[in-house]
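What follows is a single structure, written as structure tokens, with notes after it.
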Amino acid sequence: MVYNDDILHKINGLRQKLIHIANQKGKFTDDEVVQVSQQLDIYILEFQKYYIKQQERVIAKRSS
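The sequence shown begins at 357 in the numbering used here and counts up one residue at a time.
Okay, here's the thing in structure tokens:
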């Protein structure tokens, strides 16, 4: 699943970026840290929605 892999790749990249920036800035409330964290939240939510839809499709196929 290319879409799934793309989202996971983006999540992992942003996660590493967040860790690096948070360590560099020394505080979680820094504007740049918050911005990257919010971007990461968006992709995590997108992945969760995608995953739920995939699970619903599997269940629907089993039910029919």
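Heads up, the beta-carbon is just placed ideally off N, CA and C, and yes, glycines get one too.
Is Leu396 near Leu364, with beta carbons less than 9 Å apart? In this structure, the beta-carbon distance from Leu396 to Leu364 does not fall below 9 Å.
Quick check: what's the CA-CA separation for Glu388 versus Tyr406? 27 Å
Helix, strand or coil at Phe403 according to DSSP, with G and I counted as helix: helix
Coarse secondary structure for Gly382, derived from DSSP in three states: coil
How would you label Tyr359, buried or exposed, when you count the other beta carbons within 10 angstroms and need 16 or more for buried? exposed
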